[in-house]
Each structure stands twice: as C-alpha cells, then as structure tokens.
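Encoded as structure tokens, the structure appears first; notes follow it.
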Amino acid sequence: MCLALPAEVVSIDRANETAVVTLGGVKKEISVALLNELEVGDFVLVHVGFALHKLSPDEAARTLRMIEEAGEDPLEELSA
Amino acid sequence: MKFVDEFRNGDLAKRLAASITREADTGRAYHVMEFCGGHTHAIFRYGVQDLMPANVQFVHGPGCPVCVLPIGRIDNAIELAERHGATVCTYGDMMRVPASERRSLIKAKAAGADIRMVYSIRDAMRIAREEPQREVVFFAIGFETTTPPTAVAVRDAQAEGLRNFSVFCNHVLTPPAIQSIMQTPDVREHGTVAIDGFLGPAHVSAVIGSRPYEPFAAEYKRPVVIAGFEPLDVMQATLMVIRQLNEQRHEVENEYVRVVTREGNLKAQALVAEVFELRESFEWRGLGEVPSSALRIKDAYSEFDAEKRFALGTRKVRDAKSCECPSILRGAKKPTDCKLFGTVCTPESPIGSCMVSSEGACAAYWTYGRFRQSGDGTQRHKEAAA
Ligand code: SF4
Numbered sequence: 078m079c080l081a082l083p084a085e086v087v088s089i090d091r092a093n094e095t096a097v098v099t100l101g102g103v104k105k106e107i108s109v110a111l112l113n114e115l116e117v118g119d120f121v122l123v124h125v126g127f128a129l130h131k132l133s134p135d136e137a138a139r140t141l142r143m144i145e146e147a148g149e150d151p152l153e154e155l156s157a
Numbered sequence: 374m375k376f377v378d379e380f381r382n383g384d385l386a387k388r389l390a391a392s393i394t395r396e397a398d399t400g401r402a403y404h405v406m407e408f409c410g411g412h413t414h415a416i417f418r419y420g421v422q423d424l425m426p427a428n429v430q431f432v433h434g435p436g437c438p439v440c441v442l443p444i445g446r447i448d449n450a451i452e453l454a455e456r457h458g459a460t461v462c463t464y465g466d467m468m469r470v471p472a473s474e475r476r477s478l479i480k481a482k483a484a485g486a487d488i489r490m491v492y493s494i495r496d497a498m499r500i501a502r503e504e505p506q507r508e509v510v511f512f513a514i515g516f517e518t519t520t521p522p523t524a525v526a527v528r529d530a531q532a533e534g535l536r537n538f539s540v541f542c543n544h545v546l547t548p549p550a551i552q553s554i555m556q557t558p559d560v561r562e563h564g565t566v567a568i569d570g571f572l573g574p575a576h577v578s579a580v581i582g583s584r585p586y587e588p589f590a591a592e593y594k595r596p597v598v599i600a601g602f603e604p605l606d607v608m609q610a611t612l613m614v615i616r617q618l619n620e621q622r623h624e625v626e627n628e629y630v631r632v633v634t635r636e637g638n639l640k641a642q643a644l645v646a647e648v649f650e651l652r653e654s655f656e657w658r659g660l661g662e663v664p665s666s667a668l669r670i671k672d673a674y675s676e677f678d679a680e681k682r683f684a685l686g687t688r689k690v691r692d693a694k695s696c697e698c699p700s701i702l703r704g705a706k707k708p709t710d711c712k713l714f715g716t717v718c719t720p721e722s723p724i725g726s727c728m729v730s731s732e733g734a735c736a737a738y739w740t741y742g743r744f745r746q747s748g749d750g751t752q753r754h755k756e757a758a759a
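Chains as they are written, first to last, in my numbering: chain Y, 78 to 157; chain G, 374 to 759.
Written out as structure tokens, the structure is:
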C-alpha cells in the first residue's frame, strides 16, 4: 500500500481541490488538497488518491522506471 | 555480484558497493536498520544485502503499517461490519491480515459482512454518498503518508455533512517508533540487537521533513540518513551512514534531496494538526505500548470518529503462538528463525502480518529469498555478530 506513483497533471479543479492526472494514458481524478501550488503539466507523486508532493520530470521518469523494473504494474495500483 | 545485473545502472551499483567495502572498517560491524517497509522491499528485490561486505548488515525495522497493527484492531474492524452492520472500507493489504481465531476481513466478507476494498479514502466517501442508508466506515491505517489524506477526508466530510461516514483511525507515527526501538530491552539491556544507524523513510519524510529525526539522532547518538526507494539510493545512504560512523558523527543527513526537505509538506502537516491529536499511547505489534505514537480524531470532528460512534472497546489479543512477527518487527529475529516460515506460513496462507504485505519482512524473504544462492544472510548475520 506504500506504493506511490508519479503522474502528470492534465487539468485542475481548484474549487474542489481535485485534478485529473495521466499515467501511461490512463486518466484519474485525484485530490490535490495537500499541495499549495500546482500547474497543468506538473508531475506529482500520487499516493492513495492524493498528490503528496511535486516531482521534477526527471524524478518522475526515474520513479516510474523503477516501479516497472520491479515488476509491479503501476496501472493496476491506480485502477484498484 | 549476481543481482547487480538487475540494476538499471549496474556500474554505479558496483562502484557504490566497492566504496562501501573499502570504507567499512573491517575491525567493526555496521548494523543499519532500514525502518521503512519500502526499503526492506528494495533491499530484497535487488539483493542489496549480497552486495555488502559481511560486516555491513541490514536490520529490518517495523515500518510496515500492515505489520504493526495489533490483532485487536483488526478484530474491531470485523466487529464494525458484523455486529454493527457497517460497510467497512479498507486498503487491499488489510484484507488478509490474520485476526483472532484465524479470521480476517476477507473471511468475514466471504461470510457475508459488507467489507470493501478501496484504493482511496475518497472511494469510501463516494460509497457513503451513493448509499446514504448505510453506515460507511473507513478503516484507516498507515504512517505519515496516508494520514494527510485521511485528514482531508474528515474535514471534507464535516463540511459536506456526510453523516453516514466515519473513520476508524489507526494512524501511527514514525519518529516515536524509531525511538521506541532504541528503548526495547533487546537493544538497551541485552544487547542482542545492535543498531548503529538508521535509514530514514522516503515518502514519510517528504511529508514530515527531516527535522523530526534531529532530537533522536542527538539523544541516541545514531546517524539517520533519509533514503529514496531505489536500490542505488539505499546503497548511497548506507555509505553515508558508514561514513558518519567512521567519523563518529550522528547527524540527520538527507540522501533523498530530490524530494525531501527539512521542513516537509507544511500544508499537509497543518491539515493533520487540524483534524488529529496525539493518543497518550498506542499498541504496536512487536513494540507493545508506545507513548505518543499514534493519532486520534479531535473532539471538533468526533462525530466522524468510528471508535466513538460505535463505542469500540480496545482489547489486547495475543499474537499467534510461534509466530515470530513481534521479534522480527523489533529487528531481534529474522524470518528464517521462525519455525512456520515457508511451511505453515506463506503469502497464500499467512499466519502473521509480516507475511501479508510485500513490505513485510517475511513476505519479502519468501518472495525474493528463493533466488538467493548464498544462503539467506542469517548465517552471515550470526557470524558478524559473533
Ligand atoms: S513466517 Fe509467518 S508465522 Fe513466522 S514470523 Fe513470519 S508471519 Fe509470523
């Protein structure tokens, strides 16, 4: 359950503190209530449906590669 | 060096391993506790222990939220569904954790209780909105990474007036748990567990920052190096611990500067402080009662506290006989010291919580141990300790 996934922000609903993120083509609505500043195109680390913090694009790519190499399917976690 | 092939950057891993071997003083041992289950998982997945010289040993810590929850709390969750007729929502890892009398949430569900696996507490809120006739309880567990989401949910439930929703709060805190390990008799009196330094958790520290470890490092004179979850992060951080020990320093250092700051996520911290307060004490599997180590919902939000709404009592339940989880969680034993390991107890049919989650030491040993050729490290552990 501690798996956290990097994803890219595609739209933000500031009134509801939510955002739509995309990961490997899959879109998902998450909460961004824990972050202060966020813009479309930012990468965030998503954990149990919440963006925990922002990531640089490099760090996002690196984390994703590691998860894939570890044989875990990131999409499975997101869609569970 | 077999496992190094699996590293994305095998050359760097080899260079780090060489530095560690060169810098580790052969006249002493280095026992490095990785607190967090995410690190335990990385160490096993990539065979990091096998890249270390014999005098550098990883000691696995209690940072697996599923593993440390005492049986009585899982019994409580089953009771919520069975006796109070509530819809209990929880993260997938909790479903198979053994409760009393060899029960579990998944078995209770099979027997007809309304227990649902969710990815997020937001899904539990959605269920409460869609099924207003049901009492929906979210069985909240986890360290500082899952606590802020729960805080947001409780705040939002109150704002929205979602009265058929509540939270069974089992959130626990990392720094007091690390502290409590240093106070266990194994470490303090018997000296059977040696811990020379710590690898600090990655994402937990992104939330709380590196500052909360500073008093600990100073009081117990143990270096703490916050590490990312990649195997290279773990190796780099281990080298940093070794250097501190060689130089007789005991500071908080941050290997994971890519993400962790000294302050952490202040907005998340403020939300947690708004909704939660410290419990005087909380029972941990393996560590027993640990003062100021867990959170409960503040009075201002008490209508969303399932413990109050359903008047749940706490009971102490003994762990399964011969399950060594409690000692393993303190770093006092290894999974292979357990008679049931891999025979009676496997991930398909776990006896103890450490065999359930992939972050649990027993599950990690079982899943990746069979690829090992050089034994499971237990022997070397004993030799290094001797
Ligand atoms: S192998 Fe199973 S029974 Fe033994 S300590 Fe681990 S979880 Fe407990």
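C-beta atoms are modelled at their ideal positions from N, C-alpha and C, and glycine is treated no differently.
Given the structure is predicted, the values throughout are model-derived calculations rather than measurements.
Is the beta carbon of residue 723 of chain G within less than 7 angstroms of some heavy atom of the ligand SF4? Counted from its first residue, the second sequence places residue 723 of chain G at position 350. Yes, the beta carbon of residue 723 of chain G sits closer than 7 angstroms to at least one heavy atom of the ligand SF4.
Can you tell me the Cα-Cα spacing of residue 82 of chain Y and residue 122 of chain Y, whole angstroms? Taking the first residue of the first sequence as position 1, residue 82 of chain Y is located at position 5. Taking the first residue of the first sequence as position 1, residue 122 of chain Y is located at position 45. Distance between the alpha carbons of residue 82 of chain Y and residue 122 of chain Y: 5 angstroms.
Output needed for residue 374 of chain G: all residues of its chain with C-beta closer than 6 angstroms, excluding positions within five of it in sequence on either side, in chain order. Mapped onto the second sequence, residue 374 of chain G falls at position 1. Because residue 374 of chain G carries a pLDDT of 42, less than 50, the predicted location of this residue cannot be relied on, and the following value inherits that uncertainty. So the list is empty, once near-sequence residues are dropped.
Burial state of residue 135 of chain Y, where buried means 16 or more other Cβ atoms lie within 10 Å: Counting from 1 along the first sequence, the entry for residue 135 of chain Y is found at position 58. With fewer than 16 other Cβ atoms within 10 Å, it is exposed.
Relative to the C-alpha of residue 722 of chain G, which residue among G/526, G/471 and G/583 is closest? Position 349 of the second sequence, counting from 1, holds the residue named residue 722 of chain G. Comparing Cα positions, the closest option is G/471.
Under 8 angstroms (Cβ pairs) to chain Y, residues found in the segment 642–673 of chain G: 644
Please determine if the segment 727–742 of chain G and the segment 456–475 of chain G are in contact, where contact requires at least 3 C-beta pairs separated by less than 8 angstroms. yes
Which same chain residues end up closer than 7 angstroms to residue 126 of chain Y when comparing Cβ atoms and leaving out the 5 residues on each side of it in sequence? Taking the first sequence and counting its residues from 1, one reaches residue 126 of chain Y at position 49. Correct list, in chain order: 107 and 108.
Can you find the residues in the same chain that come closer than 6 angstroms, C-beta to C-beta, to residue 651 of chain G, ignoring five residues on each side of it along the sequence? Here residue 651 of chain G refers to the residue found at position 278 when the second sequence is read from its first residue. 665.
List the residues of chain G that residue 84 of chain Y touches, going by C-beta distances under 9 angstroms, in chain order. By one-based count along the first sequence, residue 84 of chain Y stands at place 7. Correct list: empty, because the minimum Cβ distance to chain G is about 14 angstroms.
Could you tell me whether the Cβ atoms of residue 595 of chain G and residue 569 of chain G are closer together than 8 angstroms? Your numbering for residue 595 of chain G matches position 222 in the second sequence. Your numbering for residue 569 of chain G matches position 196 in the second sequence. Yes, Cβ-Cβ distance for residue 595 of chain G and residue 569 of chain G is below 8 angstroms.
Does the beta carbon of residue 638 of chain G come closer than 8 angstroms to any beta carbon on chain Y? Locating residue 638 of chain G in the second sequence gives position 265, where the first residue counts as 1. At least one chain Y Cβ lies under 8 angstroms of residue 638 of chain G.
Residue 623 of chain G lies in the alpha helix (DSSP H); which residues open and close that run? On the second sequence, position 250 is the one that residue 623 of chain G refers to. No alpha helix (DSSP H) contains residue 623 of chain G, which DSSP labels as neither H nor E.
Using a threshold of 7 angstroms, is the CB atom of residue 438 of chain G nearer than that to any non-hydrogen atom of the ligand SF4? Counting from one through the second sequence, the residue named residue 438 of chain G turns up at place 65. No, the ligand SF4 has no heavy atom inside 7 angstroms of this Cβ.
Is residue 447 of chain G near the ligand SAM, in the sense that its beta carbon is under 7 angstroms from a heavy atom of that ligand? Among the ligands modelled here, namely the ligand SF4, the ligand SAM does not occur.
Apart from the five residues on each side of it in sequence, which residues of its chain come closer than 6 angstroms, Cβ to Cβ, to residue 459 of chain G? On the second sequence, position 86 is the one that residue 459 of chain G refers to. Cβ neighbours of residue 459 of chain G beyond the five flanking positions: 453, 508 and 510.
I need the straight-line Cα distance from residue 637 of chain G to residue 535 of chain G, nearest angstrom please. Counted from its first residue, the second sequence places residue 637 of chain G at position 264. Counted from its first residue, the second sequence places residue 535 of chain G at position 162. In a straight line, the C-alpha of residue 637 of chain G is about 31 angstroms away from that of residue 535 of chain G.
Buried or exposed for residue 407 of chain G, going by 16 or more other Cβ atoms inside 10 Å? Here residue 407 of chain G refers to the residue found at position 34 of the second sequence. By the neighbour-count rule (16 or more Cβ atoms within 10 Å), residue 407 of chain G is buried.
Compare the C-alpha of residue 457 of chain G against each of G/737, G/742, G/724 and G/680 and name the closest. To locate residue 457 of chain G, count along the second sequence from 1; it is residue 84. When each option's Cα is compared against that of residue 457 of chain G, the closest is G/680.
Could you tell me if the beta carbon of residue 728 of chain G falls within a distance shorter than 7 angstroms of some heavy atom in the ligand SF4? For the purposes of this step, residue 728 of chain G is identified with residue 355 of the second sequence, where counting begins at 1. Checking every heavy atom of the ligand SF4 against the Cβ of residue 728 of chain G, one is found closer than 7 angstroms.
Against chain Y, which members of the segment 488–502 of chain G pass a CB distance test of less than 9 angstroms? 490, 491, 492, 493, 494, 495 and 496
Report the option in G/451, G/494 and G/661 whose CA atom is closest to the CA atom of residue 480 of chain G. As a first step, residue 480 of chain G must be located in the second sequence, where it is residue number 107. The shortest C-alpha separation from residue 480 of chain G is found at G/451.
Residues bridged to residue 538 of chain G [DSSP beta-bridge criterion]: What you label residue 538 of chain G is simply residue 165 of the second sequence in a count that begins at 1. Answer by DSSP bridge pairing, in chain order: G/509.
Please list the residues of the segment 543–559 of chain G that have a C-beta atom closer than 9 angstroms to any C-beta atom in chain Y, keeping them in chain order. none
Unbroken stretches of the beta strand (DSSP E), 3 residues or longer, contained in the segment 78–104 of chain Y: 82–90 and 95–100
Can you tell me whether residue 505 of chain G is buried or exposed, with buried defined as 16 or more other CB within 10 angstroms of its CB? Counted from its first residue, the second sequence places residue 505 of chain G at position 132. Result: exposed.
Return the chain-ordered list of same chain residues with a C-beta closer than 6 angstroms to the C-beta of residue 437 of chain G, the five sequence neighbours on each side being excluded. For the purposes of this step, residue 437 of chain G is taken as the residue at position 64 of the second sequence. Answer for residue 437 of chain G: 410, 730, 732 and 733, listed in chain order.
Is the Cβ of residue 92 of chain Y closer than 8 angstroms to any Cβ of chain G? Counted from its first residue, the first sequence places residue 92 of chain Y at position 15. Cβ-Cβ to chain G under 8 angstroms: no for residue 92 of chain Y.
Label residue 101 of chain Y either buried or exposed according to how many other C-beta atoms from any shown protein chain fall within 10 Å of its C-beta, with 16 as the threshold for buried. The residue labelled residue 101 of chain Y in the question sits at position 24 within the first sequence. Burial call: exposed.
Spatially closest choice to residue 710 of chain G from G/724, G/720 and G/695, by CA coordinates: The residue given as residue 710 of chain G occupies position 337 in the second sequence. Among G/724, G/720 and G/695, the Cα nearest to that of residue 710 of chain G belongs to G/695.
Is residue 701 of chain G near the ligand SF4, with its Cβ less than 7 angstroms from a heavy atom? The residue you call residue 701 of chain G lines up with position 328 of the second sequence. Yes; taking the cut-off as 7 angstroms, the Cβ of residue 701 of chain G has a heavy atom of the ligand SF4 nearer than that.
When the cut-off is 8 angstroms and only beta carbons count, does residue 579 of chain G lie next to chain Y? The sequence position of residue 579 of chain G within the second sequence is 206, counting from 1. Yes - at least one Cβ of chain Y is within 8 angstroms of the one on residue 579 of chain G.
Along chain Y, which residues have their Cβ under 7 angstroms away from the Cβ of residue 709 of chain G? As a position in the second sequence, residue 709 of chain G is number 336, starting the count at 1. Going along chain Y, no residue has its Cβ under 7 angstroms from residue 709 of chain G, so there is no contact; the nearest lies around 23 angstroms.
If you run the structure through DSSP and keep just helix, strand and coil, what is residue 721 of chain G? As a first step, residue 721 of chain G must be located in the second sequence, where it is residue number 348. Coil, per DSSP.
Buried or exposed: where does residue 744 of chain G fall if 16 or more other Cβ atoms within 10 Å of its Cβ makes it buried? Here residue 744 of chain G refers to the residue found at position 371 when the second sequence is read from its first residue. Annotation note: pLDDT 42 at residue 744 of chain G (below 50); position unreliable, coordinate value reported separately. Flag for residue 744 of chain G reads exposed.
Taking the C-alpha atoms as reference points, what is the distance between residue 482 of chain G and residue 449 of chain G? Position 109 of the second sequence, counting from 1, holds the residue named residue 482 of chain G. Position 76 of the second sequence, counting from 1, holds the residue named residue 449 of chain G. Straight-line Cα distance between these residues: approximately 14 angstroms.
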